[in-house]
Amino acid sequence: MPVLEGVGVSKYFGGVVALSNVSFHVDDGEIVGLIGPNGAGKTTLFNVICCFYPLNSGVIKFKGEKITGLKPHQVCRKGIARTFQITRSFANMSVVDNVMIGALFGKEAQGNLKSAREEAMRLMGFIGLIEKADMPVESLTSIDARRLELVRALAAKPKVLLLDEVLAGLNPSEVAEAMELIRRLRDEMGITIFMVEHIMKSVMGISDRVIVLADGQQIADGTPKEVSADPSVIQAYLGGAEER
Amino acid sequence: MEWETIWRILVFGLTIGCIYALIAVGLNLLWGTMRVLNIAHGQIIMLGGYTAFWLFTLYHISTFLSAVLAAVGGAALGLLIYRIIFSASLRTIKSPEAVEVFSLLIFFGVLILLENAACLVWTADLRGYVYLTQNVEIWGTPLALNRLFASLAAIAICLGFYIYLQRTLFGKVVRAVVQDKDAAQLVGVDVNKVYRFCFCIGFAMAGLAGALLSMLYAITPFIGLPYTMMALVVIVLGGIGNILGSLIGGLLLGLIITAGVAMTSPAFSLLILYGVFVLVILFMPAGILGRRLR
Amino acid sequence: MTPKTRMLTILIPIFIILSTLPLYAPAYYISLSIIIFMYAILGVSWIIISGYTGYISLGIAAFFGIGAYVTVLFWTTFPLPLPILIVLGGLVSAFFAAVIGFPILRIRGPYFVFVTLGLSMLLKYVFEVYQAYVLKRVGIPLLGPPSMEVLYYSLLVLGIITIVSAHVIKNSKFGLGLFSIRGDEEAAEAMGVNTTMYKVAAFAISSLFMGSAGAIVALRWTWIEPHIVFNPMITFQASIMALLGGWTDFRGPILGAVVLVLIAEAFGIRYPYHYLILLGITLILLVKFLPMGLIGAIERLRIGKKQVSEVKDAGS
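Residue numbers (the numbering used here), protein chains in the order written: chain A, 11 to 254; chain B, 836 to 1129; chain C, -1 to 314.
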């Protein structure tokens, strides 16, 4: 049984079809890449999994249990956490307070502030943000803000982590570092990763499987090797895999 | 309900609706282009009313001439407020939501300032004057000449402005800034010029509307807030930045309120206004609000 | 001295002075303190919703007025002991806030401001119509009210409860959740915060204290008309006082209330319009130059001095 799956998922915004009859699955312990040209519906799929929008049709299941129709905070409590494409930190709060929100309200919702803060500090140590703990979020560099986004999601103790273009704008060494971190999340913490990415080399390098969306439809699902050789995928990208 | 009453509601509702439309368009111009929420709009109207009142009472100047002066005065005030408070802040504040909150609070202060300054200078007494109160017959319904002329003037200005936005180059520039400020800037539009224009025209419309209203109703320093609320309802219904929507919405709201008062009593007019206001905001389809707030 | 000890050394003397004031101070100062307490309570409870969650409410007068009318209802019909009346005023307000909160807290930004203001005005006109057509009276007198000292102590106790609540909330999981809603509501929802329940809870709690304040102050004013208790100037003044002092914690509204009520007493009685014009100008200056209020400015000065001394230490 896949840990996360969607069957026949469709989402329209007025006349615009964002997702059309998309079916996908992610198995426990996998790193699955979600790729596709701009506007393919990748972030919409994430939003729909997290129940930010209601579905027009179809169903999404987490650990076999239907989660469509829940509120976003309930989805988080069940064990799905996400990062946002443009980092969304909690303004007017410190870095550690930001992470504590994940610890306090996520899957293993801590009751008291003290243990939540300890957990937050532990995770920030893991990712290298600990010296900045009490600084206001507004003072973080964009890389650190990205790290914060990730740590905050981790604090929610997810089973499945949805990463939305975490590598955008990173230089090659930072990308390598991030990939290593993502691998560790899966290997050491047992977190299943579902990641949207544009940087082909990286996502192909790290994923066990890749799902391809184009124009709101799922056009491929297989190993990186299979997908990169798939003619419909190549065509969707207009004549060649996107290199960066 | 007899045909005569319905007709009377129509005539009265539409004539006052024309002025509501003018008020709403003026407010919408600032909100649509800059996300500036001038909740002191009603107080500018009030100032326009007093301008017309004093010019008529002291110098017997026709209200239509003082309306022009009120418009010019309004434009000057708008430009002043823009220069002193907004021109720097609009450059530094990033998100449109933050601009809305900033302008809301600023104009909140302006509201309190103007209302009480008016009380101080002119006292809270009711002021009114008699001008052009002869009736004409519109298909059987008597209508005061001043009301007829005021609504014609108001609707003419609204339509003229709408045509200006559609047909002239600068009008198109303004519409571009409403649609997407950043894109407009990228193609070389001087947004500051557009902002100045909007502040001037928006405030001018308020001053003018106030002058027109002074012919029809007594004025006090406190007449402002209900007009602002009314304009907000119209804008929310018709769409922020949608000038034609405000025009039609103003007419519609004029009909609704006139009908409501006709069915109950003039004492209920404010209750109806605020009731409509709360209901509109509560039950607004998420699309109109959601699109703007995302 | 730790911050906690420092805070106690300030608070304890103040508490002693305030709780014994009626024993030695002339009636004028008691009366003035009542006004300060009222606005401090309104301001502190206001920041629980508007400061902590960022949903700026202009409905203070609505909940204040509801509490006042609860007192009116019972005082003129069914005698109840004062503490019960106060609690009831608060509870009815809180209930109304909870019920109306679900629909209106779905509305964001300036629309929320409008709807709360509109609601407040609507209530005023509803009660005016009710008084004119149903009760057929202009206003309602509250005969035989408790003494000023009793009302003073009631407000003092309510004030302490409000301040302690605001402080406890701010440093709790609930408070952190509220702040996250202010920070980024959708991200908060995505991180597991039940934003709807939290917002409604904050709204109801703040209305609880506003309603209780209204219940007490109604007995001070003793002549109740809708435009007196549902007066939007109460909302404007309380919120401007809170903004002047600073919206992040309870100290701000208290400071703002003390400053502005004293200024009002000093020259606002003789020159009411000048005072209100000053209020308007204050708000404009605050928003433009001092958005965090006086407390925020003081904090920034302190942090600035700290940074300067750190730089000096590093350099030496």
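Think of the CB as a built atom: it goes at the ideal place given N, C-alpha and C, for glycine as much as any other residue.
Asked: Just to confirm the assignment, what range does the beta strand (DSSP E) spanning Tyr22 (chain A) have?; Found: Leu14 to Phe23
Asked: Could you tell me if Trp44 (chain C) is buried or exposed, where buried requires 16 or more neighbouring beta carbons within 10 angstroms of its beta carbon?; Found: buried
Asked: Do we get a CB-CB distance below 8 Å when we pair Glu1065 (chain B) with the residues of chain C?; Found: Residue identity differs from the one stated: residue 1065 (chain B) is Met in this sequence, not Glu. By this cut-off, Met1065 (chain B) is not an interface position.
Asked: Taking DSSP's pairing of strands, which residues face Leu43 (chain A) in a bridge?; Found: In the sequence as presented, Leu is not what sits at residue 43 (chain A); that position holds Gly. Looking at the DSSP assignment, Gly43 (chain A) forms a beta bridge with A:Met205 and A:Val220.
Asked: Measure the CB-CB distance between Gly181 (chain C) and Asn102 (chain A) and report whether it falls below 8 Å.; Found: yes
Asked: For Leu172 (chain A), which option in A:Phe100, A:Glu40 and A:Ala186 has the closest C-alpha, if you only look at C-alpha atoms?; Found: A:Glu40
Asked: In the DSSP assignment, find the unbroken alpha helix (DSSP H) run with Ser33 (chain A) in it and report its ends.; Found: Careful: Ser33 (chain A) lies outside any alpha helix (DSSP H), inside the beta strand (DSSP E) at Val26 to Val36.
Asked: From the beta carbon of Arg1126 (chain B), is the nearest beta carbon of chain C less than 8 Å away?; Found: Residue confidence for Arg1126 (chain B) is low, a pLDDT of 34 falling below 50, so the modelled location carries little weight; the figure read from the coordinates is stated next. Output row for Arg1126 (chain B): interface = no.
Asked: Could you check if His876 (chain B) is buried or exposed, using at least 16 other CB atoms within 10 Å of its CB as the buried criterion?; Found: buried
Asked: Listed in chain order, which residues of the stretch 82 to 94 of chain A have Cβ atoms closer than 9 Å to some Cβ of chain C?; Found: Pro82, His83, Gln84, Val85, Cys86, Arg87, Ala91, Arg92 and Phe94
Asked: Taking the runs of the alpha helix (DSSP H) that are 4 residues or longer, which of them lie wholly in the stretch 912 to 981 of chain B?; Found: 922 to 927 and 931 to 957
Asked: Secondary structure at Gly79 (chain A), three-state DSSP: helix, strand or coil?; Found: coil
Asked: Which residue marks the beginning of the alpha helix (DSSP H) containing Ile1058 (chain B), and which one marks its end?; Found: Looking at the DSSP string, Ile1058 (chain B) is not in any alpha helix (DSSP H), and its letter there is neither H nor E.
Asked: Can you give me the C-alpha to C-alpha distance between Ser163 (chain C) and Pro81 (chain C), rounded to a whole angstrom?; Found: 18 Å
Asked: Can you check which of these residues, C:Phe287, C:Val256, C:Leu40 and C:Ala188, is closest to Phe100 (chain A) by C-alpha distance?; Found: C:Ala188
Asked: Could you compute how far the alpha carbon of Ser205 (chain C) sits from the alpha carbon of Gly88 (chain C)?; Found: 7 Å
Asked: Quick one: residues in its chain with C-beta nearer than 7 Å to the C-beta of Thr280 (chain C), no 5 flanking neighbours on either side, listed in chain order?; Found: Ile238 and Leu242
Asked: For Leu1108 (chain B), collect the residues of the same chain with a Cβ closer than 7 Å to its Cβ; drop the 5 residues on either side in sequence, then sort them by chain order.; Found: Pro1061, Met1064, Met1065 and Ile1092
Asked: Please report the distance separating the alpha-carbon of Leu862 (chain B) from that of Ile896 (chain B).; Found: 27 Å
Asked: From which residue to which residue does the alpha helix (DSSP H) around Val170 (chain A) run?; Found: Segment Val170 to Asp174 is the beta strand (DSSP E) holding Val170 (chain A); no alpha helix (DSSP H) there.
Asked: Is it right to say Met881 (chain B) is buried, meaning 16 or more other beta carbons lie within 10 angstroms of its own, or is it exposed?; Found: buried
Asked: Should Ser922 (chain B) be flagged as near chain C, meaning a C-beta pair shorter than 8 Å?; Found: no
Asked: Kindly provide the ranges of any alpha helix (DSSP H) runs that are 4 or more residues long and lie completely inside the stretch 836 to 897 of chain B, ordered along the chain.; Found: 838 to 869 and 876 to 894
Asked: What residues in its chain sit with their C-beta under 8 Å from that of Arg1126 (chain B), if we drop five residues either side in the sequence?; Found: Note that Arg1126 (chain B) has pLDDT 34, beneath the 50 cutoff, so the model's placement of it is unreliable and the number below is only indicative. So no residue of the chain qualifies.
Asked: Would you decide whether Thr840 (chain B) is buried or exposed? Buried here means 16 or more other CB atoms lie within 10 Å of its CB.; Found: exposed
Asked: Determine, for Ala28 (chain A), whether the minimum Cβ-Cβ distance to residues of chain C falls below 8 Å.; Found: no
Asked: Is Phe72 (chain A) helix, strand or coil when you go by DSSP?; Found: strand
Asked: Answer yes or no: does any C-beta atom of chain D fall closer than 8 Å to that of Thr51 (chain C)?; Found: Of the protein chains in this structure, namely A, B and C, none is chain D.
Asked: On the three-state DSSP scale, how would you describe Gly1042 (chain B)?; Found: helix
Asked: Quick check: is the beta carbon of Asp240 (chain A) nearer than 8 Å to any beta carbon in chain C?; Found: no
Asked: Quick check on Tyr123 (chain C) - is its C-beta less than 8 Å from some C-beta in chain B?; Found: yes
Asked: When you compare each of C:Val285, C:Ala185, C:Leu260 and C:Leu284 to Tyr273 (chain C) by their alpha carbons, which one comes out closest?; Found: C:Leu260
Asked: Tell me which residues of the stretch 164 to 183 of chain C have at least one Cβ-Cβ distance to chain A shorter than 8 Å, keeping chain order.; Found: Asn169, Ser170, Lys171, Leu174, Gly175, Phe177, Ser178, Arg180, Gly181 and Asp182
Asked: Hey, how far is the Cα of Asn48 (chain A) from the Cα of Ile77 (chain A)?; Found: 27 Å
Asked: Going along chain C, which residues have a C-beta under 7 Å from Phe136 (chain A)?; Found: Within chain C, no residue comes near Phe136 (chain A); the closest Cβ sits about 18 Å away, beyond 7 Å.
Asked: Can you tell me which of the three DSSP states Arg157 (chain A) falls into?; Found: helix
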